[in-house]
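Written below as structure tokens is the structure these notes are about.
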Amino acid sequence: MTRLAVDPITCTGHGLCAELFPEGIALDEWGYPLLAAGELPPDLLRTARKVAAACPTRALRLRDDGRAG
Amino acid sequence: MTAVTAPELTRGLLDGPGPSFAQHCAAHGPLPVVDLHTLVEEAGLAGRGGAGFPTAAKLRSVAAAAAATRKAPVVVANGSEGEPAAAKDATLLALVPHLVLDGLALVAAALGASAAYLAADEALLPGLATHLADRRDPVGVRLHPVAQVFLSGEESALCAALDGRPPLPRTKFPPVRERGVAGRPTLVLNVETLARLALVARGNDLAAAALLVTRRMEIAGTPWVDVVDVPLGSRIGDVLRLDDAQAVLIGGYAGTWVEASRAAGLRLDRSSLAPAGASLGAGVLAALPADRCGLRETAGVVGYLAAQSAGQCGPCLNGLPRIAAALDVLARPAPAPSGLLRDVERWSGLLPGRGACSHPDATVRLVASALRVFSEELARHGADRCSAHTGRPFLPVPGSG
Chain A
194 MTRLAVDPIT CTGHGLCAEL FPEGIALDEW GYPLLAAGEL PPDLLRTARK VAAACPTRAL
254 RLRDDGRAG
Chain B
4 MTAVTAPELT RGLLDGPGPS FAQHCAAHGP LPVVDLHTLV EEAGLAGRGG AGFPTAAKLR
64 SVAAAAAATR KAPVVVANGS EGEPAAAKDA TLLALVPHLV LDGLALVAAA LGASAAYLAA
124 DEALLPGLAT HLADRRDPVG VRLHPVAQVF LSGEESALCA ALDGRPPLPR TKFPPVRERG
184 VAGRPTLVLN VETLARLALV ARGNDLAAAA LLVTRRMEIA GTPWVDVVDV PLGSRIGDVL
244 RLDDAQAVLI GGYAGTWVEA SRAAGLRLDR SSLAPAGASL GAGVLAALPA DRCGLRETAG
304 VVGYLAAQSA GQCGPCLNGL PRIAAALDVL ARPAPAPSGL LRDVERWSGL LPGRGACSHP
364 DATVRLVASA LRVFSEELAR HGADRCSAHT GRPFLPVPGS G
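Chains A and B supply the protein sequences, listed in that same order.
Under our numbering, think of the first position of the first sequence as 194, with each following residue one higher.
Under our numbering, think of the first position of the second sequence as 4, with each following residue one higher.
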């Protein structure tokens, strides 16, 4: 089971993730990411990985089995 | 002042002839050698720091992490008490310091710890150093002063402080139970939890079935604050005098408001409090007198809590000050801008689960309970009225005089 996770301390609200991955990430009114709840659909996994890698502060992760990677 | 007594109250944990080691030994006898893991499991002891986590599970996970990493763990007695309304940890450390130190020695021995710390307010340390000098603990205890800020007792913030870093919470992966002080598996237990352990180890099974409560109330207009040892399951109405109270703050500033009439019948244990959205928290019970404005009191507390955000996580950093400012407006006896209440509700929805620690979650829970319990007051404010007869604050807020 893979889901999106954000390290709230490392995240500084660049907002790049929401721009690149609107299917799974929206921004709150202060520019911080709101992640889609639950498991990522398999067809979105590749994109999600790329978006996580593009996070300027490396705050966005993909998380397996309920633990942060 | 007349004493407030209720039949169910005892002073068990705080009973004792005095704080010295000689007095402690005379009252309690020597510390027995016990199988702590089994004992704690059977006693069903839960942590008294706020989260109420089962102590046996904590012990087990630190032991497992120590075995897996082959690192000797660290044990920490947490007497930080950053909660301004609470006084139980300081009281305990002043009255029965050796019960806390016994508990720390027990967990240090059970885990084969390489280091032990006791963190407390700076003012308590000289006295504690004297008490420590009378003991011969196999694992020496290092005293550590904690900053008097709300989050100083949050376990990851405390571990950071013990490592010489700023006392800020960090994300829960990995938890301090796996990697805490000096990167070692770390067991952080509240000082009350440790004192109870010391009594349970001596065969006092009732010790696990009670909790320290800091009571705040007013009796005939006079503020009353004390700390009592109360059996779990006691009715709040038997613990607090509620004749002249409108609501009870249960748990402290990370807690919940409940109407006095409803609170009176609630029992002090997890399962009874949960349906009322409340929990034991840091063991604070504050009975808000009828002549105060619950919204004003909450606004004061929330302003303090917003300022006490570690400022690390965007939603907390942005959301709490906005909620606090809005609450400040709602606390005035004047019509509030339309939509302000909806703003508070929306911001409150944006915070839970989005911080490294539970500070934002707890604060919006407090706010929601205030808006529910003091809804009539809110309507009164809309009509330029307020039920407060005094501007004297009831709940203590550091820095506000």
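By construction, the Cβ of each residue, glycine as well, lies at the ideal position given by its N, Cα and C atoms.
Being a predicted model, the structure only gives us computed values, none of them experimental.
Inset, instruction - Locate the alpha helix (DSSP H) running through residue 120 (chain B), then write down its first and last residues. - result: Residue 120 (chain B) -> not in any alpha helix (DSSP H); beta strand (DSSP E) instead, spanning 118–124.
Inset, instruction - Quick one: give me the first and last residue of the alpha helix (DSSP H) that residue 113 (chain B) is part of. - result: Per DSSP, residue 113 (chain B) belongs to the alpha helix (DSSP H) from 100–114.
Legend entry - Touching by the beta-carbon criterion (3+ pairs, under 8 Å), the region 200–209 of chain B and the region 271–284 of chain B: By the Cβ rule, the region 200–209 of chain B does not count as touching the region 271–284 of chain B, because fewer than three pairs are nearer than 8 Å.
Legend entry - Through-space distance from residue 99 (chain B) to residue 121 (chain B), alpha-carbon basis: Distance between the alpha carbons of residue 121 (chain B) and residue 99 (chain B): 14 Å.
Legend entry - Bounding residues of the beta strand (DSSP E) (the contiguous stretch that carries residue 237 (chain A)): Note, residue 237 (chain A): premise wrong, no beta strand (DSSP E); not H, not E.
Inset, instruction - Could you name the residues of the region 298–321 of chain B whose beta carbon sits closer than 7 Å to any beta carbon of chain A, in the order they occur along the chain? - result: Within the region 298–321 of chain B, the residues whose Cβ lies closer than 7 Å to some Cβ of chain A are 315, 316, 317, 318, 321, listed in chain order.
Legend entry - residue 260 (chain A) (DSSP reduced to helix, strand or coil): In this predicted model, residue 260 (chain A) has a pLDDT of only 49, less than 50, meaning its place in the structure is not dependable; the value taken from the coordinates is given anyway. DSSP places residue 260 (chain A) in strand when its eight states are reduced to three.
Legend entry - Reference residue 200 (chain A); option with closest CA among B:329, B:176, B:180, B:397: When each option's Cα is compared against that of residue 200 (chain A), the closest is B:176.
Inset, instruction - Following the continuous alpha helix (DSSP H) through residue 322 (chain B), name the residue where it begins and the one where it ends. - result: Counting along the chain, the alpha helix (DSSP H) containing residue 322 (chain B) begins and ends at 317–333.
Legend entry - Collapsed DSSP secondary structure at residue 17 (chain B) in the structure displayed: Helix at residue 17 (chain B).
Legend entry - Proximal chain A residues relative to residue 358 (chain B), where beta-carbon distance stays under 8 Å: Near residue 358 (chain B) (Cβ distances below 8 Å), the residues of chain A are 201.
Inset, instruction - Assign residue 260 (chain A) to buried or exposed, taking buried as 16 or more other Cβ atoms, counted over all protein chains shown, within 10 Å of its Cβ. - result: With a pLDDT of 49 at residue 260 (chain A), under the threshold of 50, the predicted position of this residue should be treated as unreliable, though the coordinate-derived value follows. It is exposed - the Cβ of residue 260 (chain A) has fewer than 16 other Cβ atoms within 10 Å.
Inset, instruction - Quickly, what does DSSP pair residue 219 (chain B) with across the bridge? List them, please. - result: According to DSSP, residue 219 (chain B) shares a beta bridge with B:228, B:289.
Legend entry - Alpha carbon of residue 181 (chain A) to alpha carbon of residue 202 (chain A), nearest angstrom: What is shown of chain A runs 194 to 262, which leaves residue 181 (chain A) out entirely.
Inset, instruction - For the beta strand (DSSP E) containing residue 189 (chain B), list its first residue and its last residue. - result: Taken as a continuous stretch (DSSP letters only), the beta strand (DSSP E) holding residue 189 (chain B) covers 189–193.
Legend entry - Nearest-angstrom Cβ-Cβ length linking residue 221 (chain A) and residue 227 (chain A), presumed shorter than 8 Å: At roughly 5 Å, the Cβ-Cβ gap stays under 8 Å, so residue 221 (chain A) and residue 227 (chain A) are in contact.
Inset, instruction - Using alpha carbons as the reference points, say which of B:159, B:192, B:351, B:280 lies closest to residue 48 (chain B). - result: Checking every option, the nearest Cα to that of residue 48 (chain B) belongs to B:192.
Legend entry - For residue 209 (chain A), the first and last residue of its enclosing alpha helix (DSSP H): It spans 209–213 - the alpha helix (DSSP H) in which residue 209 (chain A) sits, taken as one unbroken run.
Inset, instruction - Note down, in chain order, every chain A residue with its Cβ under 9 Å from the Cβ of residue 173 (chain B). - result: Chain A residues near residue 173 (chain B): 202.
Legend entry - Below-8 Å beta-carbon distance, residue 206 (chain A) vs any chain B residue: Chain B, which has a Cβ nearer than 8 Å to the Cβ of residue 206 (chain A), makes this yes.
Inset, instruction - Pull up the distance between the alpha-carbon of residue 262 (chain A) and that of residue 232 (chain B), whole angstroms please. - result: At residue 262 (chain A) the pLDDT is 41, less than 50, meaning the model places this residue with poor confidence and gives no usable figure here.
Legend entry - Status (buried if at least 16 other CB within 10 Å, exposed otherwise) for residue 86 (chain B): So residue 86 (chain B) ends up on the buried side.
Inset, instruction - Report, in whole angstroms, the separation of the C-beta atoms of residue 316 (chain B) and residue 345 (chain B), which I expect to be a contact under 8 Å. - result: About 24 Å separates the two Cβ atoms, so there is no contact after all.
Inset, instruction - Can you check DSSP and say which residues form a bridge with residue 166 (chain A)? - result: The structure shown does not extend to residue 166 (chain A), since chain A is modelled only from 194 to 262, so the question has no answer here.
Legend entry - Minimum Cβ-Cβ distance from residue 323 (chain B) to chain A less than 8 Å: Answer no: the Cβ-Cβ gap between residue 323 (chain B) and chain A never drops below 8 Å.
Legend entry - Length of the line joining the Cα atoms of residue 84 (chain B) and residue 392 (chain B): For residue 84 (chain B) and residue 392 (chain B), the gap between their C-alpha atoms comes out near 31 Å.
Inset, instruction - Could you give the DSSP three-state label for residue 58 (chain B): helix, strand or coil? - result: In the three-state scheme derived from DSSP, where H, G and I count as helix and E and B as strand, residue 58 (chain B) is classed as helix.
Inset, instruction - Look up residue 253 (chain B) in the DSSP assignment and say whether it is helix, strand or coil. - result: Here residue 253 (chain B) sits in strand by DSSP.
Legend entry - Cα-Cα separation between residue 3 (chain B) and residue 252 (chain A), rounded to whole angstroms: Lying before the first or after the last residue shown, residue 3 (chain B) is absent from chain B, which here runs from 4 to 404.
Legend entry - For residue 37 (chain B), three-class secondary structure by DSSP: Residue state, collapsed to three classes: coil.
Inset, instruction - Sort B:328, B:148, B:318, B:349 by Cα distance to residue 362 (chain B) and report the nearest one. - result: Minimum Cα distance to residue 362 (chain B) is reached at B:318.
Legend entry - Residue environment, residue 4 (chain B), which counts as buried when at least 16 other CB atoms sit within 10 Å: Caution applies to residue 4 (chain B), whose pLDDT of 38 falls short of 50 and renders its modelled position unreliable; the value that the coordinates give is listed next. That one is exposed.
Legend entry - Beta-carbon proximity check, residue 124 (chain B) vs residue 164 (chain B), cutoff 8 Å: Not in contact: residue 124 (chain B) and residue 164 (chain B) (Cβ atoms no closer than 8 Å).
Legend entry - Contacts that residue 353 (chain B) makes with chain A (C-beta to C-beta distance below 9 Å): Within 9 Å of the CB of residue 353 (chain B), the CB atoms of chain A belong to 221, 222, 223, 225, 227, in sequence order along the chain.
Inset, instruction - Please report the Cβ distance between residue 238 (chain B) and residue 268 (chain B), rounded to the nearest whole angstrom; I am assuming they are in contact, meaning their Cβ atoms lie under 8 Å. - result: About 6 Å separates the two Cβ atoms, so the contact holds.
Legend entry - Proximity below 8 Å, CB of residue 251 (chain B) to CB of residue 215 (chain B): No; because the gap between Cβ atoms is not below 8 Å, this pair is not in contact.
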